[in-house]
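Just below is one structure, and these are the notes that go with it.
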Amino acid sequence: MKSLYQNLDFSFTAENIPIHILTIALCRQVAHVPFHSHGAGCYELHYIASGKGEIHLKDGYFHTAPHTFYMAGPHTEHSELSDREDPMIEYCLYFHISPHLPGTVSEKAPLLKALFSQDLLLGRNASRLLPLFEDLKEEMEKKPFGYREYICGLLKQIFVLCIRSSRNSVCEGVSSASQNLVLQKSFIAEDYFLYEYENLNLKELSRRLGLSIRQTERFLKEFYGQTFLEKRTQARMERALLLLPQPGQTVTSVSHTLGYSSPEHFSGAFRKYFGISPKNFLKKC
Numbered sequence: 001m002k003s004l005y006q007n008l009d010f011s012f013t014a015e016n017i018p019i020h021i022l023t024i025a026l027c028r029q030v031a032h033v034p035f036h037s038h039g040a041g042c043y044e045l046h047y048i049a050s051g052k053g054e055i056h057l058k059d060g061y062f063h064t065a066p067h068t069f070y071m072a073g074p075h076t077e078h079s080e081l082s083d084r085e086d087p088m089i090e091y092c093l094y095f096h097i098s099p100h101l102p103g104t105v106s107e108k109a110p111l112l113k114a115l116f117s118q119d120l121l122l123g124r125n126a127s128r129l130l131p132l133f134e135d136l137k138e139e140m141e142k143k144p145f146g147y148r149e150y151i152c153g154l155l156k157q158i159f160v161l162c163i164r165s166s167r168n169s170v171c172e173g174v175s176s177a178s179q180n181l182v183l184q185k186s187f188i189a190e191d192y193f194l195y196e197y198e199n200l201n202l203k204e205l206s207r208r209l210g211l212s213i214r215q216t217e218r219f220l221k222e223f224y225g226q227t228f229l230e231k232r233t234q235a236r237m238e239r240a241l242l243l244l245p246q247p248g249q250t251v252t253s254v255s256h257t258l259g260y261s262s263p264e265h266f267s268g269a270f271r272k273y274f275g276i277s278p279k280n281f282l283k284k285c
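Letter by letter, the sequence shown follows residues 1 to 285 of UniProt numbering.
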């Protein structure tokens, strides 16, 4: 089955502004896409349907999971690297909007202002997009009667939902460049604490954020009100609550998974954080 459609002329309007779709990729397996960016007026949407991998940006990188999406704006450098054992399968749309609009769009167009105010839209758990992409794939392949109008409607729904679902989107007003950068870095930081609890360290987080160690500590304190150690402890303890009740898990195995030097060290941290020992916690499960 064909997965890449180029030189297209689908279009729709959003807030009375024409938006053109030039390229559509359907269920494309990703191995490695090197760093690249797109020209003025170009927005590239990637939706990860299955698999996992990494999205690298100029300022750091984050991990993907099914139903992750990101939309790279003009001149935003990005690359993709799939997990070898579980490569990413993605849908990709290439939008074009007049490059003269970002500085002139009115306050009556909040959707486009939210898009133009950011270099990158990011979102997780966007499962609502999957049936739309599946419909799009079927229409592109079968081309039933009226398919062009139907596809344009699907593309508009996808476009609007991505902006709405994005962690960075704003409903009123415009985000400044500095606010947008902070939000992007928060996404990278949250991803790191959520998925890499086994080996959390300040030096690695700083590298991913493109900050010095001191700047990273300041960022965490200003954005989350926590130090790195406090944030790391929170991530480990919340993960411990999920791991301990699982069949086959023990205090020793969980302490090792979470990166503690010994079961005693883990038990002490758990008791200090929750006011109960891991063993007594398990008795209540």
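In this text, a Cβ means the ideal position worked out from N, Cα and C, and glycines have one as well.
Please read all numbers here as calculations on a predicted model, not as lab measurements.
Distance between beta carbons of residue j and residue i, contact taken as under 8 Å
i: Gly-259; j: Leu-220; result: No, Gly-259 and Leu-220 are not in contact; Cβ-Cβ is about 18 Å, not under 8 Å.
i: Asp-59; j: Lys-185; result: 7 Å
i: Leu-45; j: Leu-93; result: 4 Å
i: Phe-228; j: Leu-202; result: 5 Å
Pairwise C-alpha distance: residue j and residue i
i: Tyr-47; j: His-67; result: 7 Å
i: Leu-112; j: Gln-118; result: 10 Å
i: His-56; j: Gly-123; result: 15 Å
i: Asp-135; j: Asp-9; result: 18 Å
i: Arg-218; j: Glu-230; result: 13 Å
i: Leu-129; j: Ser-165; result: 10 Å
i: Asn-16; j: Asn-7; result: 23 Å
i: Val-33; j: Leu-161; result: 25 Å
i: Tyr-273; j: Glu-238; result: 10 Å
i: Arg-148; j: His-96; result: 18 Å
i: Leu-205; j: Tyr-70; result: 21 Å
i: Gln-226; j: Gln-249; result: 30 Å
i: Gly-275; j: Leu-243; result: 18 Å
i: Lys-108; j: Leu-211; result: 37 Å
i: Arg-271; j: Glu-264; result: 10 Å
Residues of its chain near residue i, where Cβ-Cβ distance is below 6 Å and the 5 sequence neighbours each way are ignored
i: Pro-99; result: Ala-40, Gly-41
i: Leu-81; result: His-32, Gly-53, Glu-54
i: Thr-23; result: Gln-6, Tyr-94
Closest by C-alpha distance to residue i, when choosing among the options
i: Pro-131; options: Val-251, Glu-149, Leu-26; result: Leu-26
i: Ala-126; options: Phe-116, Phe-159, Leu-209; result: Phe-159
i: Asp-83; options: Val-30, Glu-264, Lys-137; result: Val-30
i: Leu-194; options: Phe-62, Ile-21, Ala-14, Thr-227; result: Phe-62
i: Phe-35; options: Gln-246, His-20, Thr-76, Ser-261; result: Thr-76
i: Asp-86; options: Gly-51, Ile-188, Gln-215; result: Gly-51
i: Tyr-197; options: Ile-97, Phe-116, Thr-257; result: Thr-257
i: Pro-247; options: Leu-120, Leu-282, Arg-148; result: Leu-282
i: Tyr-5; options: Phe-69, Pro-18, Tyr-91, Phe-12; result: Tyr-91
i: Arg-110; options: Pro-144, Gln-157, Leu-81, Ala-14; result: This sequence places Pro at residue 110; Arg is not what is there. Of the listed residues, the one whose Cα sits closest to Pro-110 is Ala-14.
i: Gly-73; options: Gly-210, Leu-120, Leu-241, Arg-236; result: Leu-120
i: Tyr-192; options: Thr-227, Ala-235, Gly-210, Leu-211; result: Ala-235
i: Arg-28; options: Lys-272, Thr-64, Met-88; result: Met-88
i: Thr-64; options: Phe-187, Tyr-150, Phe-133; result: Phe-187
i: Pro-245; options: Ser-37, Cys-285, Tyr-150, Ala-49; result: Cys-285
i: Ser-79; options: Ser-37, Lys-108, Tyr-43; result: Ser-37
i: Ile-163; options: Ile-21, Pro-144, Tyr-43; result: Tyr-43
i: Lys-2; options: Phe-133, Ile-21, Ala-49, Lys-137; result: Lys-137
7 Å Cβ shell around residue i - same chain, five flanking residues per side excluded
i: Phe-12; result: Ile-19, Cys-152, Leu-155, Lys-156
i: Tyr-150; result: Glu-139
i: Arg-208; result: Gly-60, Tyr-61, Ile-188, Tyr-192
Residues near residue i in its chain [Cβ-Cβ closer than 8 Å; skip 5 each side]
i: Glu-190; result: none
i: Phe-266; result: Ala-240, Val-251, Val-254, Ser-255, Leu-258, Tyr-260, Pro-278
i: Ala-269; result: Thr-233, Arg-236, Met-237, Tyr-260
i: Thr-216; result: Leu-202, Leu-205, Ser-206, Leu-209, Phe-228
Q: Only counting runs of 4 or more residues, tell me where the alpha helix (DSSP H) segments fall wholly within the region 179 to 228, in order along the chain.
A: Within the region 179 to 228, the alpha helix (DSSP H) runs of at least 4 residues that lie entirely inside it are, in chain order, 202 to 209, 213 to 224.
(Q) Threshold first: 3 residues or longer. Then list the beta strand (DSSP E) segments lying entirely within the region 31 to 117, N to C. (A) For the region 31 to 117, whole beta strand (DSSP E) runs of length 3 or above, ordered along the chain, are 32 to 36, 42 to 50, 53 to 57, 60 to 64, 68 to 72, 78 to 82, 89 to 96.
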